[in-house]
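Chemist: In my numbering, the protein residues as written are 1084 to 1189.
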Ligand SMILES: [Zn+2]
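#1: Going by DSSP in three states, residue 1173 sits in which element: helix, strand or coil?
#2: Kindly give me the distance between the Cβ atoms of residue 1136 and residue 1098, rounded to whole angstroms, as I take these residues to be in contact under 8 Å.
#3: Just checking: is the beta-carbon of residue 1153 within a distance shorter than 8 Å of some beta-carbon in chain B?
#4: Is DSSP giving residue 1107 helix, strand or coil here?
#5: Within the same chain, show all residues whose beta-carbon is closer than 7 Å to that of residue 1173, passing over the 5 residues directly before and after it, in chain order.
#6: Measuring only the C-alpha atoms, how far is residue 1169 from residue 1131?
#7: Under 8 Å, with one C-beta from each stretch per pair, do the region 1099 to 1119 and the region 1135 to 1150 reach the 3-pair mark?
#8: Cβ of residue 1156 within 8 Å of Cβ of residue 1105?
#9: Using the beta carbon as the reference atom, which residues fall closer than 7 Å to any heavy atom of ligand 1, ordered along the chain?
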């Protein structure tokens, strides 16, 4: 790896706020069941903070199969025509849920 002096190459980091500014939508697809969902980058920013768009996949899990290992994220600029066929999932509310996690004793 060449030393970039700690600076990242321009364009290598595309944050949710960048996507929001240019009016992109975020497409998240589950590679396992093939379900595609579209989100507003602004909504995702509410939830995860202003992270790199491609990192969103690691933080979401598929609403159908519940897995998150196969989530593929792309930011896209759909044309006005494509946009008509897209149903964007909007953030309805954020709930803090208490979850119990068990593990086996070693
Ligand atoms: Zn899935």
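Using N, Cα and C, we set each Cβ at its ideal position, and we do this for glycine too. Predicted model only: the values in this text are computed from it and were never measured.
Modeler: Result, derived from the coordinates:
#1: coil
#2: Taking 8 Å as the upper bound for CB-CB distance, residue 1136 and residue 1098 are in contact here, some 7 Å apart.
#3: In the structure shown, chain B does not exist; there is a single protein chain.
#4: Coil at residue 1107, not helix or strand.
#5: 1123, 1126
#6: 23 Å
#7: yes
#8: no
#9: 1113, 1115, 1116, 1118, 1145, 1147, 1148, 1150, 1153
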